[in-house]
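Structure first, commentary second.
2 protein chains.
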Amino acid sequence: MGEMIGKQSIQYEHPPYLLASSSIAGQKEKEGPLGKLFDEIIEDPMAGEDNWEKGESEFMKRAIELAIQKSGLKKENIRYLFAGDLLGQLIATSFGVKDFEIPVFGIYGACSSAGEGISLASMAVAGGFADHAVAASSSHFGSAEKQFRFPLEYGNQRPLSSTWTVTGSGAFIISKRKSEVQISGITTGKIMDYGIKDSMNMGAAMAPAAAQVIYQHLQDFNRKPEDYDRIITGDLGTVGQKILIDLLKENDYDISEQHMDCGIEIYSAEDQDTNAGGSGCACSAVTLSAFILPKIKCGEWKRVLFVPTGALLSTVSFNEGQSVPGIAHGVLLERSI
Amino acid sequence: MGEMIGKQSIQYEHPPYLLASSSIAGQKEKEGPLGKLFDEIIEDPMAGEDNWEKGESEFMKRAIELAIQKSGLKKENIRYLFAGDLLGQLIATSFGVKDFEIPVFGIYGACSSAGEGISLASMAVAGGFADHAVAASSSHFGSAEKQFRFPLEYGNQRPLSSTWTVTGSGAFIISKRKSEVQISGITTGKIMDYGIKDSMNMGAAMAPAAAQVIYQHLQDFNRKPEDYDRIITGDLGTVGQKILIDLLKENDYDISEQHMDCGIEIYSAEDQDTNAGGSGCACSAVTLSAFILPKIKCGEWKRVLFVPTGALLSTVSFNEGQSVPGIAHGVLLERSI
Numbered sequence: 173m174g175e176m177i178g179k180q181s182i183q184y185e186h187p188p189y190l191l192a193s194s195s196i197a198g199q200k201e202k203e204g205p206l207g208k209l210f211d212e213i214i215e216d217p218m219a220g221e222d223n224w225e226k227g228e229s230e231f232m233k234r235a236i237e238l239a240i241q242k243s244g245l246k247k248e249n250i251r252y253l254f255a256g257d258l259l260g261q262l263i264a265t266s267f268g269v270k271d272f273e274i275p276v277f278g279i280y281g282a283c284s285s286a287g288e289g290i291s292l293a294s295m296a297v298a299g300g301f302a303d304h305a306v307a308a309s310s311s312h313f314g315s316a317e318k319q320f321r322f323p324l325e326y327g328n329q330r331p332l333s334s335t336w337t338v339t340g341s342g343a344f345i346i347s348k349r350k351s352e353v354q355i356s357g358i359t360t361g362k363i364m365d366y367g368i369k370d371s372m373n374m375g376a377a378m379a380p381a382a383a384q385v386i387y388q389h390l391q392d393f394n395r396k397p398e399d400y401d402r403i404i405t406g407d408l409g410t411v412g413q414k415i416l417i418d419l420l421k422e423n424d425y426d427i428s429e430q431h432m433d434c435g436i437e438i439y440s441a442e443d444q445d446t447n448a449g450g451s452g453c454a455c456s457a458v459t460l461s462a463f464i465l466p467k468i469k470c471g472e473w474k475r476v477l478f479v480p481t482g483a484l485l486s487t488v489s490f491n492e493g494q495s496v497p498g499i500a501h502g503v504l505l506e507r508s509i
Numbered sequence: 173m174g175e176m177i178g179k180q181s182i183q184y185e186h187p188p189y190l191l192a193s194s195s196i197a198g199q200k201e202k203e204g205p206l207g208k209l210f211d212e213i214i215e216d217p218m219a220g221e222d223n224w225e226k227g228e229s230e231f232m233k234r235a236i237e238l239a240i241q242k243s244g245l246k247k248e249n250i251r252y253l254f255a256g257d258l259l260g261q262l263i264a265t266s267f268g269v270k271d272f273e274i275p276v277f278g279i280y281g282a283c284s285s286a287g288e289g290i291s292l293a294s295m296a297v298a299g300g301f302a303d304h305a306v307a308a309s310s311s312h313f314g315s316a317e318k319q320f321r322f323p324l325e326y327g328n329q330r331p332l333s334s335t336w337t338v339t340g341s342g343a344f345i346i347s348k349r350k351s352e353v354q355i356s357g358i359t360t361g362k363i364m365d366y367g368i369k370d371s372m373n374m375g376a377a378m379a380p381a382a383a384q385v386i387y388q389h390l391q392d393f394n395r396k397p398e399d400y401d402r403i404i405t406g407d408l409g410t411v412g413q414k415i416l417i418d419l420l421k422e423n424d425y426d427i428s429e430q431h432m433d434c435g436i437e438i439y440s441a442e443d444q445d446t447n448a449g450g451s452g453c454a455c456s457a458v459t460l461s462a463f464i465l466p467k468i469k470c471g472e473w474k475r476v477l478f479v480p481t482g483a484l485l486s487t488v489s490f491n492e493g494q495s496v497p498g499i500a501h502g503v504l505l506e507r508s509i
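Just so you know, the protein sequences line up as chains U and F, in that order. This note's numbering puts the first residue of the first sequence at 173, with every later residue one more than the last. This note's numbering puts the first residue of the second sequence at 173, with every later residue one more than the last.
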């Protein structure tokens, strides 16, 4: 059973655990600062298939397989799959998960999907509706640029505020079975629209949503930034990070000491030509699995607020002159031992 | 707290209730057999906006407003919104719900979204994570044909197996507060892929998924078709209905007496040129609100298995030669008084 606290949060009385996780990434991610931490690298962006979308499905399939394997469970033990990606009608997910034959809830929170999936899976387990559930998300540089901006073959220029979509997938087993990391609570985001209309500046579109979730989380749990070892956003990048810190300072919270952004960590921007940083559903997912969870497991960090961020961008709405609203999903992770 | 039963189902120990609901539909739906039952008709398919997508957002916005109003609650009482539509990146939803400022979980289950949203909202309420939550979904003939097949201006021909996307939106308040209709349980679907590659025959793509959910529901609850007043699928249409009934007969269940399909009910196919029937996320949603729930409330039906069905169609995967997999989400509705 959970306990609703404040305006937007749950604090679980019996927190579910992150029993196991996986991170599958591509060649570009291998070359970045976290490259050696990922479980597996698939160097071929099509993963042996004949297009990027099928390739992305293979990344997700492998991530889920590996997470289940690492947990010691069998796929028959997984009650639900909460999964999503950036593509229209979630095709990377549909074709990536269908062979598992596990009941599926398709989710869409743009690049915040890792947070949305873990949130919903944690509710399912804490509510007694599943012993074990999987949350998975994927993204892919090739399929995302084709979907949202320009096919890679165009060779278009990318402004400094643009981010680089991470090719990869992360999967997480949320479970009743005890592990070193518990999901102590969640803070679920609202859609925030500051009227941003630049599809090459997603950080600015997402920062207000991240700021709202972090602000409300601190209010709901009655805590200060210094009560956290890290407050980690998904893919704001360097441009979005500044906006986030400024917005929270205006509301009397200074998170500059605690803040980390997966999009900034995953690439070496100067060497890798990734401009403002990494992005995509996989950005926060693979960073959580490969970099954040090990820090909590080993006791270096005891409490982390993980806030994947999403820009609700679509070419249809964008070409019709609409703005790009943002959303963020907060997950409170704590060392449980 | 819930009780996991069988392989894919939950039977709630303390079932949440459907406290209120709404149905907003368009001109074509007004002219159909259920026309007089809808709460409101918006005759302008753009709902006063300048394109179909914005129009669809207005349908969803109005549906949620009205459902909250009918429930006697205020928007501040709604803890979560579970919402989705058919369009890439759920733009009808994002722009339709953002002004409510309610924490949002975006969902994608194609035309099964009404079932997915009610399922997740029922878990949230039964688990103690929300007192009241909204599940909403929308679809739109103009925006869907543009997204998936041909813009309406092309005037392309439509084969007899094709369906007509319902323009409208339905919203549901799932609540701890007692009403005449309870959500006694859910049976969550797997993705089923029978290799259908005809985007004009969605009924055939979805029927196997519906059959699997209905079969497993009957197994999990240890019941027979005759224990139900109705077993109601979302939008299989006449072609999908035959396949569904045949598939279940092969597994020793004859549901021909109990089966009803929202897509068959919503239009008068011969008069309205809708071929195999209606479809879209709104098809099952507005039919549930306007036609099914009143039958349960008045006691005519005491137990209904509601199974919205979705075809996971995308132009990208379709043009790359992939099949159209299906999914279905079962919700067990019972008269509670």
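For each residue, glycine too, the CB sits at the ideal point set by N, CA and C.
Report the three-state DSSP secondary structure of U/A307 (helix, strand or coil).
By one-based count along the first sequence, residue 307 of chain U stands at place 135. DSSP places U/A307 in strand when its eight states are reduced to three.
Would F/M173 count as contacting chain U if we go by Cβ distances under 8 Å?
If you number the second sequence from 1, residue 173 of chain F lands on position 1. Note on F/M173: pLDDT 47, under 50, position unreliable in the model; the coordinate value appears next. Yes, F/M173 lies at the interface with chain U (some Cβ there is under 8 Å from its Cβ).
Closer than 6 Å by C-beta to F/M173: which residues in its own chain qualify, once you throw out the five before and the five after it? Chain order, please.
Taking the first residue of the second sequence as position 1, residue 173 of chain F is located at position 1. With a pLDDT of only 47 at F/M173, under 50, the local geometry of the prediction cannot be trusted, and the value read off the model is given with reservation. Closer than 6 Å at Cβ, skipping near neighbours: E185.
Can you tell me whether DSSP reads U/D445 as helix, strand or coil?
Taking the first residue of the first sequence as position 1, residue 445 of chain U is located at position 273. Coil.
When you check each C-beta in the stretch 264 to 277 of chain U against every C-beta of chain F, which residues fall closer than 7 Å?
Listed by position along the chain: S266, F267, V269, K270, E273, I274, P275, V276 and F277.
So for F/Q119, helix, strand or coil by DSSP?
Limits of chain F in this structure are 173 at one end and 509 at the other, which puts residue 119 of chain F out of reach.
Which of the three DSSP states is assigned to F/R234 in this structure?
Along the second sequence, one-based indexing puts residue 234 of chain F at 62. Of the three classes helix, strand and coil, the one that applies to F/R234 here is helix, per DSSP.
Where does F/M173 fall in DSSP's three states?
Taking the first residue of the second sequence as position 1, residue 173 of chain F is located at position 1. Low local confidence applies: a pLDDT of 47 at F/M173 is under 50, so the model's placement there is unreliable, and no value is given.
Output yes if chain U places a C-beta closer than 8 Å to the C-beta of F/P217; else output no.
Residue mapping note: residue 217 of chain F aligns to position 45 of the second sequence, counting from 1. Cβ-Cβ to chain U under 8 Å: no for F/P217.
Please tell me whether U/N223 has its Cβ less than 8 Å away from any Cβ of chain F.
For the purposes of this step, residue 223 of chain U is identified with residue 51 of the first sequence, where counting begins at 1. Answer yes: the Cβ-Cβ gap between U/N223 and chain F drops below 8 Å somewhere.
Rounded to a whole number of angstroms, what is the C-alpha to C-alpha distance between U/I527 and U/R349?
As shown, chain U starts at 173 and ends at 509. That puts residue 527 of chain U outside it, with no answer to give.
Can you list the residues of chain F that U/Y172 reaches, using a CB-CB cut of under 9 Å?
What the structure shows of chain U is the stretch from 173 to 509, and residue 172 of chain U is not part of that stretch, so it cannot be assessed.
Could you list which residues in chain F have their beta carbon closer than 7 Å to that of U/A296, in chain order?
Translated into the one-based positions of the first sequence, residue 296 of chain U becomes position 124. In chain order: M295.
At the 8 Å Cβ level, is U/P380 part of the contact set with chain F, yes or no?
In the first sequence, residue 380 of chain U corresponds to position 208, counting from 1. No, U/P380 does not count as interfacial toward chain F.
Can we say the stretch 178 to 192 of chain U touches the stretch 236 to 245 of chain U, given the rule of at least three CB pairs closer than 8 Å?
A contact exists between the stretch 178 to 192 of chain U and the stretch 236 to 245 of chain U.
Which chain F residues sit within Cβ distance under 7 Å of U/D365?
Locating residue 365 of chain U in the first sequence gives position 193, where the first residue counts as 1. The answer, in chain order, is K270.
Express the C-alpha separation of F/E472 and F/R251 in angstroms, rounding to a whole number.
Reading the second sequence from its first residue, position 79 is the one you call residue 251 of chain F. Reading the second sequence from its first residue, position 300 is the one you call residue 472 of chain F. Approximately 32 Å, taken between the alpha carbons.
Figure out for me which residue from U/E288, U/E442 and U/Q494 has the closest Cα to the Cα of F/G268.
Walking along the second sequence from the start, residue 268 of chain F turns up at place 96. For the residues U/E288, U/E442 and U/Q494, the minimum Cα distance to F/G268 belongs to U/Q494.
Give, in chain order, every unbroken run of the beta strand (DSSP E) that is at least 3 residues long and sits entirely within the stretch 367 to 413 of chain U.
Fully enclosed beta strand (DSSP E) runs of 3 or longer: 402 to 405.
When the cut-off is 8 Å and only beta carbons count, does F/E325 lie next to chain U?
Along the second sequence, read from residue 1 onward, the residue named residue 325 of chain F stands at position 153. So, not an interface residue.
Taking the continuous alpha helix (DSSP H) assigned at F/E506, which residues delimit it?
As a first step, residue 506 of chain F must be located in the second sequence, where it is residue number 334. Unbroken run through F/E506 is the beta strand (DSSP E), G498 to R507; no alpha helix (DSSP H).
Please report the distance separating the alpha-carbon of F/R402 from that of F/I355.
Walking along the second sequence from the start, residue 402 of chain F turns up at place 230. Walking along the second sequence from the start, residue 355 of chain F turns up at place 183. Answer to the nearest angstrom: the Cα atoms are 15 Å apart.
Bridge partners of F/Q180, per DSSP?
One-based indexing of the second sequence puts residue 180 of chain F at position 8. Paired residues: none, contrary to the question.
Helix, strand or coil for U/F254, going by three-state DSSP, please let me know.
Within the first sequence, the letter at position 82 stands for residue 254 of chain U. Of the three classes helix, strand and coil, the one that applies to U/F254 here is strand, per DSSP.
Roughly how many whole angstroms lie between the Cα atoms of F/P188 and U/E203?
If you number the second sequence from 1, residue 188 of chain F lands on position 16. If you number the first sequence from 1, residue 203 of chain U lands on position 31. Spanning the two alpha carbons is a distance of roughly 50 Å.
State yes or no: is the beta carbon of F/Y189 nearer than 8 Å to at least one beta carbon in chain U?
The residue you call residue 189 of chain F lines up with position 17 of the second sequence. F/Y189 does not count as touching chain U.
Beta-carbon separation of F/P234 and F/I274 under 8 Å?
Here residue 234 of chain F corresponds to residue number 62 of the second sequence, with the count starting at 1. Here residue 274 of chain F corresponds to residue number 102 of the second sequence, with the count starting at 1. It should be pointed out that residue 234 of chain F corresponds to Arg in this sequence rather than to Pro. No, Cβ-Cβ distance for F/R234 and F/I274 is not below 8 Å.
What's the C-alpha gap between U/I499 and F/E442?
Stepping through the first sequence from its first residue, residue 499 of chain U is reached at position 327. Stepping through the second sequence from its first residue, residue 442 of chain F is reached at position 270. Rounded to the nearest angstrom, the two C-alpha atoms are 44 Å apart.
Can you round the beta-carbon distance between U/V338 and U/I438 to whole angstroms, since I take them to be within the 8 Å contact cut?
Residue numbering aside, residue 338 of chain U sits at position 166 when the first sequence is read from its first letter. Residue numbering aside, residue 438 of chain U sits at position 266 when the first sequence is read from its first letter. That belief holds up - the Cβ atoms of U/V338 and U/I438 are roughly 6 Å apart, short of 8 Å.
Answer yes or no: does any C-beta atom of chain U fall closer than 8 Å to that of F/A282?
For this step, residue 282 of chain F is matched to residue 110 along the second sequence. True, the Cβ-Cβ gap to chain U drops below 8 Å.
Using DSSP with H/G/I as helix, E/B as strand and the rest coil, what is F/V338?
As a first step, residue 338 of chain F is located in the second sequence; it is residue number 166 there, counting from the start. Of the three classes helix, strand and coil, the one that applies to F/V338 here is coil, per DSSP.
Which residues in the same chain as F/Q180 place their Cβ atom closer than 7 Å to its Cβ, once the five residues preceding and following it in sequence are excluded?
Reading the second sequence from its first residue, position 8 is the one you call residue 180 of chain F. Hits under 7 Å: T359, T360, Q388 and D392.
In the DSSP output, which residue or residues are listed as bridge partners for U/M364?
Position 192 of the first sequence, counting from 1, holds the residue named residue 364 of chain U. Its beta-bridge partners are U/G498.
Does F/V488 get closer than 8 Å to chain U when you measure Cβ to Cβ?
As a position in the second sequence, residue 488 of chain F is number 316, starting the count at 1. Closer than 8 Å: yes.
Would you mind telling me which residues of chain U sit closer than 9 Å to F/P497, beta carbon to beta carbon, in chain order?
Residue 497 of chain F sits at position 325 when you count from the first residue of the second sequence. Chain U residues near F/P497: S266, F267 and K270.
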